[in-house]
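Number of protein chains: 2
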Amino acid sequence: MRKTLSIRELNRIAIVGVGLLGGSLGMAIRAAGSQARRVGIGRRQSSLDLAMSYDAVDEVTLDVACGVRQADLVVVCTPIGVIEDVFRAMAPHLGPECLVTDVASTKAKVVRAAERILGRKARYVGSHPIAGSEKTSVEFARADLFQAAGCVITPTKRSHPEAVEDIVAFWRALGAHPHILTPAEHDRALARVSHLPHAVAAALVLLAGEAIRYAGPGFGDTTRIASGDPALWRDIFATNRQAALRALDELERHLRRFRRVVEAGDGQALEAWLAKAQAVRDEWVRRRYAEREIQP
Amino acid sequence: MRKTLSIRELNRIAIVGVGLLGGSLGMAIRAAGSQARRVGIGRRQSSLDLAMSYDAVDEVTLDVACGVRQADLVVVCTPIGVIEDVFRAMAPHLGPECLVTDVASTKAKVVRAAERILGRKARYVGSHPIAGSEKTSVEFARADLFQAAGCVITPTKRSHPEAVEDIVAFWRALGAHPHILTPAEHDRALARVSHLPHAVAAALVLLAGEAIRYAGPGFGDTTRIASGDPALWRDIFATNRQAALRALDELERHLRRFRRVVEAGDGQALEAWLAKAQAVRDEWVRRRYAEREIQP
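Listed in order, the protein sequences are those of chains A and B. Yeah, the first sequence ends on 296 if you go by my numbering, and it's all consecutive. Yeah, the second sequence ends on 592 if you go by my numbering, and it's all consecutive.
Have a look at this one:
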């Protein structure tokens, strides 16, 4: 039986895009005990310098080709909008044993592009660590960002089975809990629990109008993600359109049901609806903190 | 010119309901330099004992009449559902100079009930400090809960002008920023920035289904308020029905507009919509933290 990859066996890890996720990845790799040379690849020297100053990477380059050459693992952490260009730029310079993954928030289109462009030039499997925040800079990077976070791994029929195992082992080494889904399953699930909440947060901010003066901490929490990068979220909605539309329709149905209960003045049904939501969320919180073995 | 009340002149303050808000109020009164005797009034001895153990109040009683007698100020912090009963129980025992306020999250119905029941028996003005969380117990009470928080004061034509000044001064002494609105204005504003977000948070939890396994920190923030007390929120929706319905309709219009943009694949409009929301929220955060003179 084949021994799954250990993070300690990696000698050179290239991270393309060293913002919050890429920077945290560099820090987490070192914190996990890897001695690999961490190469940061970016488009702006200033971002790369910042990543160096936070010790998120060991060396940096603006040249994708130089950066990925001889890497055992390449993790693409760029915005979705440029990810195909990155795959194209790196493809000719990868070794056939090189593992490649990415951290894009939508998977069907990204995985399709990666498989088309990288083909047999490397061993690609898509990933989506469910971590991060509305911040995007390496200044907010943390070595423990992936600790106890979920990470969806999205293999396809074209994925090399050993590569899937290795990518799972990699995320596990960083403390994440891997889940295996197809890219389409991933996109449907994330449309509900990530993309829809983002749309709703933005809508709540936009309709607040003058009343925003009277908004309190609850509003701050509910709308926090609306402070996320608009270009990044444009690409997320653009690359997961059908699932996002279905999630929006489902929300409309739920809110209409709620509206009828409010309109009817049916206190019992109103409380039952709210109590169900409370119970589901509290159970989710309980599981989440149990996984993290920390208190809320 | 009349001198506005100073919190240091109050000798006896009765707090009816010593949960998160009532308990925080007791702590904040002491922290503001008041030497007033703080009387906690409640329906369960265990809650009162807990409030005593947190030094939120100086003495406790299950008897509303005993508790409010000789008080200079009574603050009603009970759930909306029992607030009329509380007004009725205390009315015969108040002195005509006694200031009375409450902290209910909806105001039109509550203020109407207070004015009807208390009449000239005391000097009542409604309040709504925009503070708190999804927690309701005194265990989460904090002396600084009202620091730099907004507090809407809702006088009517029947309010005694000096009482309004005194209630404003009281909240200011606790560090809050008072806003004056009519009860109806308050209810319309809060329907948008508080009640609607609650409904949406609950809907997002309920429609997540199995996908909740893949939910991350963003989902946690967006839905936090759905962990709030269902009975409390039932009463909020029940006592602010019209404004809540209008806010729900407005959200539907906003999300439909967003849906059309997503469906059309109009990247530019999509980004503009998200960027507008980001800008509005970031400006709100900036002002909020400027008021608090702390960093986000």
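A virtual CB, placed ideally from N, CA and C, is assigned to each residue, including glycine. What you are looking at is a predicted structure, and each value in this text was computed from that prediction instead of being measured.
Same chain only: Cβ atoms within 6 Å of residue i, ignoring 5 sequence neighbours per side
i             : result
residue 318/B : 311, 373
residue 386/B : 360, 364
residue 294/A : Because residue 294/A carries a pLDDT of 47, less than 50, the predicted location of this residue cannot be relied on, and the following value inherits that uncertainty. Contacts found: none.
residue 28/A  : 143, 146, 174
residue 39/A  : 14, 59, 67
residue 451/B : 421, 460
residue 42/A  : 18, 48
residue 366/B : 308
residue 299/B : none
residue 119/A : none
residue 84/A  : 113
residue 157/A : none
Contact belief for residue i with residue j at Cβ below 8 Å, rounded distance in angstroms
i             : j             : result
residue 490/B : residue 218/A : 6 Å
residue 178/A : residue 171/A : 5 Å
residue 422/B : residue 406/B : 6 Å
residue 235/A : residue 80/A  : 4 Å
residue 563/B : residue 238/A : 6 Å
Partner residues on chain A for residue i, Cβ-Cβ distance less than 8 Å
i             : result
residue 350/B : Per Cβ cutoff of 8 Å: no residues; residue 350/B is ~19 Å from chain A at best.
residue 517/B : 221, 222, 224, 225
Per DSSP, cross-strand counterpart(s) of residue i
i             : result
residue 312/B : 337/B, 372/B
residue 425/B : 447/B
residue 179/A : 152/A
residue 59/A  : 39/A
residue 101/A : 75/A
residue 123/A : 99/A
Spatial neighbours of residue i in its chain, beta-carbon cut-off 7 Å, leaving aside the 5 residues before and after
i             : result
residue 433/B : 315, 316
residue 204/A : 222, 223
residue 88/A  : 117
residue 569/B : 554, 557
residue 86/A  : 16, 64, 76, 78
residue 214/A : none
residue 31/A  : 143
residue 430/B : 520, 521, 523, 524
residue 330/B : 303, 304, 306
residue 578/B : none
Proximity of residue i and residue j at Cβ, strictly below 8 Å
i             : j             : result
residue 306/B : residue 347/B : no
residue 369/B : residue 449/B : no
residue 258/A : residue 495/B : yes
residue 482/B : residue 550/B : no
residue 7/A   : residue 149/A : no
residue 45/A  : residue 62/A  : yes
residue 114/A : residue 192/A : no
residue 463/B : residue 397/B : yes
residue 576/B : residue 566/B : no
residue 507/B : residue 277/A : no
residue 541/B : residue 263/A : yes
residue 547/B : residue 196/A : no
residue 243/A : residue 225/A : no
residue 265/A : residue 537/B : yes
residue 512/B : residue 130/A : yes
residue 122/A : residue 151/A : no
residue 371/B : residue 399/B : yes
residue 480/B : residue 571/B : no
Nonlocal neighbours in the same chain, by C-beta distance under 8 Å from residue i, ignoring five residues either side
i             : result
residue 296/A : Because residue 296/A carries a pLDDT of 40, less than 50, the predicted location of this residue cannot be relied on, and the following value inherits that uncertainty. Once the five neighbours on either side are set aside, the close Cβ partners of residue 296/A are 285, 289.
residue 54/A  : 23, 27, 138, 139, 141
residue 169/A : 4, 5, 6, 7
Proximal chain B residues relative to residue i, where beta-carbon distance stays under 9 Å
i             : result
residue 85/A  : Simply none; closest approach about 16 Å.
residue 142/A : Those within 9 Å of residue 142/A in chain B number zero; the least Cβ separation is about 12 Å.
residue 147/A : None at all; the shortest Cβ gap to chain B is about 12 Å.
Chain A contact residues for residue i, given Cβ-Cβ distances below 7 Å
i             : result
residue 510/B : 130, 150, 152, 179, 189, 190, 193
residue 567/B : 230, 231, 234
residue 342/B : Within chain A, no residue comes near residue 342/B; the closest Cβ sits about 22 Å away, beyond 7 Å.
Residue i: contacting residues in chain A (beta-carbon distance under 9 Å)
i             : result
residue 550/B : 202, 203, 204, 206, 207
residue 580/B : 205, 208, 212, 213, 215, 219, 220, 223
residue 431/B : Result: empty, since nearest Cβ-Cβ is about 10 Å, beyond 9 Å.
Per-residue contacts from residue i into chain B (C-beta, under 8 Å)
i             : result
residue 241/A : 558, 559, 561
Listed by chain order, chain B residues near residue i by CB distance under 7 Å
i             : result
residue 313/A : The shown model of chain A, from 1 to 296, leaves out residue 313/A, and the question about it has no answer.
residue 197/A : 500, 514, 515, 518
residue 259/A : 541, 544
residue 276/A : 502
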